[in-house]
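First up is the structure itself, then whatever we jot down about it.
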Amino acid sequence: MESLFELIGESAPYVEVYDVAVDNGVVHSKFRPEQQRYAETTLMSCSEGLRTMAVHGVLACAAANPIKSKHYYLATKADIQVFPVQATTANFFRCVGRVDRIERSKRFPLYTVTVTCFTDGGERYAVTEVECAGLNEEEFVKLKGADAAPAVALVPGQHSPYLEPVRPMRIEWMKPGEALRTTLDGFRREDFAGHFAIRAMCPVSILGGNACSLLRHFPGFDAYQITKCVLTCNRASLPGESLHLSCVRERADHFMVTAHNSEGKLLATFHMDARAHRL
Numbered sequence: 011m012e013s014l015f016e017l018i019g020e021s022a023p024y025v026e027v028y029d030v031a032v033d034n035g036v037v038h039s040k041f042r043p044e045q046q047r048y049a050e051t052t053l054m055s056c057s058e059g060l061r062t063m064a065v066h067g068v069l070a071c072a073a074a075n076p077i078k079s080k081h082y083y084l085a086t087k088a089d090i091q092v093f094p095v096q097a098t099t100a101n102f103f104r105c106v107g108r109v110d111r112i113e114r115s116k117r118f119p120l121y122t123v124t125v126t127c128f129t130d131g132g133e134r135y136a137v138t139e140v141e142c143a144g145l146n147e148e149e150f151v152k153l154k155g156a157d158a159a160p161a162v163a164l165v166p167g168q169h170s171p172y173l174e175p176v177r178p179m180r181i182e183w184m185k186p187g188e189a190l191r192t193t194l195d196g197f198r199r200e201d202f203a204g205h206f207a208i209r210a211m212c213p214v215s216i217l218g219g220n221a222c223s224l225l226r227h228f229p230g231f232d233a234y235q236i237t238k239c240v241l242t243c244n245r246a247s248l249p250g251e252s253l254h255l256s257c258v259r260e261r262a263d264h265f266m267v268t269a270h271n272s273e274g275k276l277l278a279t280f281h282m283d284a285r286a287h288r289l
């Protein structure tokens, strides 16, 4: 069986995964947290949790896919829940991922995978359920296109664009304390290094990092913990495409962030449960 990394479309992948093993269809692996957490006080940021656990989920999809050739797994929905732990630091996390079911849509197989994340001390830290479509290269190019320019690849020692995903933004309050919006300038192709080599598309984790950071602008949320996030992906933004984000505080502990591109098309929706953290 080929290396699982050779069976997925991510060119790096864009997270440091090691000690990967497959046991009876279950994928075990480890990773080290690296991303800036900003105002979040959990052991890793919500967007990094989504990013890393999604990669582990993709590896599980590759292990379960009976066709052992490169496929591109596009997330359509993700649901992460973070649990209280005693640990205050974590040098690494251990993940266990398994495919729960594979359904055939009109065009592509749809995978539902569950990834459980544990601290280095063995505490259950988070569980993420990811739904994604599995496409071979021909199907991917037909759906998303391909770039003529050479792919941007991560090289050893290069500063990862995923370490500090949050960009400067000017906040405009639509309803003080309850609803805000902001615009992000378009990202560079270099910011997508390690993602899909054949087509530069903004990883949801970069978009998610900026979406999650909006909570810190609300009263009382100088520091906070996101305990649950349900993400729905509609489409990916492209290099240079400006992004428009809006965040609404629907309840004291619940926020909704929507992201649109410059044409007004919906990119993604984040529903987040969060609580202020008193330092």
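Numbering (our numbering), first residue to last: 11 to 289.
Backbone N, C-alpha and C fix where the C-beta goes; we use that ideal spot for every residue, glycine too.
Since the structure is predicted, the reported quantities are computational estimates derived from the model, not experimental observations.
Residue i, buried or exposed, once every other Cβ within 10 Å from all chains shown has been counted against 16
i: Leu276; result: exposed
i: Gly67; result: buried
i: Gly218; result: buried
i: Leu82; result: Position check: residue 82 holds Tyr in this sequence, whereas Leu was assumed. The residue in question, Tyr82, is buried, as its Cβ has 16 or more Cβ neighbours within 10 Å.
i: Thr129; result: buried
i: Gly59; result: buried
i: Leu17; result: buried
i: Met11; result: Confidence is the limiting factor: at Met11 the pLDDT is only 39, short of 50, which leaves the residue's position unreliable and the question unanswerable from this model.
i: Ser13; result: exposed
i: Glu188; result: exposed
i: Ser57; result: buried
i: Pro186; result: exposed
i: Arg259; result: buried
i: Arg61; result: buried
i: Ile77; result: exposed
i: Pro213; result: buried
i: Ala136; result: buried
i: Asp29; result: exposed
CB contact flag (residue i, residue j, <7 Å)
i: Met184; j: Arg191; result: yes
i: Ala233; j: His287; result: yes
i: Val109; j: Ala70; result: yes
i: Ser247; j: Asn271; result: yes
i: Val25; j: Ser39; result: no
i: Val92; j: Glu133; result: no
i: Ser115; j: Gly196; result: no
i: Gly155; j: Pro119; result: no
i: Ala49; j: Arg180; result: no
i: Gln45; j: Leu194; result: no
i: Phe103; j: Phe41; result: yes
Spatially closest choice to residue i from the options, by CA coordinates
i: Ala203; options: Ser215, Thr193, Asp195, Leu224; result: Ser215
i: Ala158; options: Arg209, Glu182, His205; result: Arg209
i: Asn244; options: Ala278, His227, Ala88, Met211; result: Ala278
i: Pro175; options: Leu120, Ile18, Asn220, Leu17; result: Asn220
i: Cys222; options: Phe206, Ala262, Ala269, Cys212; result: Ala269
i: Ile90; options: Arg285, Val240, Glu273; result: Val240
i: Lys80; options: Gly274, Ile236, Phe206, Pro249; result: Phe206
i: Glu149; options: Arg285, Gly19, Phe15; result: Gly19
i: Lys238; options: Thr193, Pro213, Met266; result: Met266
i: Ala73; options: Asp201, Thr242, Ile112; result: Ile112
i: Val140; options: Val65, Phe228, Gly274, Gly230; result: Val65
i: Arg261; options: Cys142, Phe228, Leu153, Asn75; result: Phe228
i: Asn75; options: Asn146, Gly274, Glu182; result: Asn146
i: Thr242; options: Val151, Cys142, Gly230, Gly274; result: Cys142
i: Asp201; options: Ala31, Gly230, Leu224, Pro171; result: Pro171
Nearest-angstrom Cβ-Cβ length linking residue i and residue j, presumed shorter than 8 Å
i: Ala88; j: Thr138; result: 6 Å
i: Asp283; j: His254; result: Going by Cβ atoms, the distance from Asp283 to His254 rounds to 24 Å, so no, they are not a contact pair.
i: Met63; j: Cys127; result: 6 Å
i: Pro294; j: Arg285; result: Look at the range of the chain in this structure, 11 to 289, and you will see that residue 294 is not part of it.
Minimum Cβ-Cβ distance from residue i to chain B less than 7 Å
i: Asp263; result: Any reference to chain B falls outside this structure, which holds one protein chain only.
**Study point:** contact_flag[the region 27 to 43, the region 106 to 125] where n(CB pairs < 8 Å) is 3 or more
**Key:** Touching, yes.
Practice item. Decide yes or no for the touch test of the region 90 to 107 against the region 47 to 61: beta carbon pairs closer than 8 Å, at least 3 of them. Key: Yes, they touch.
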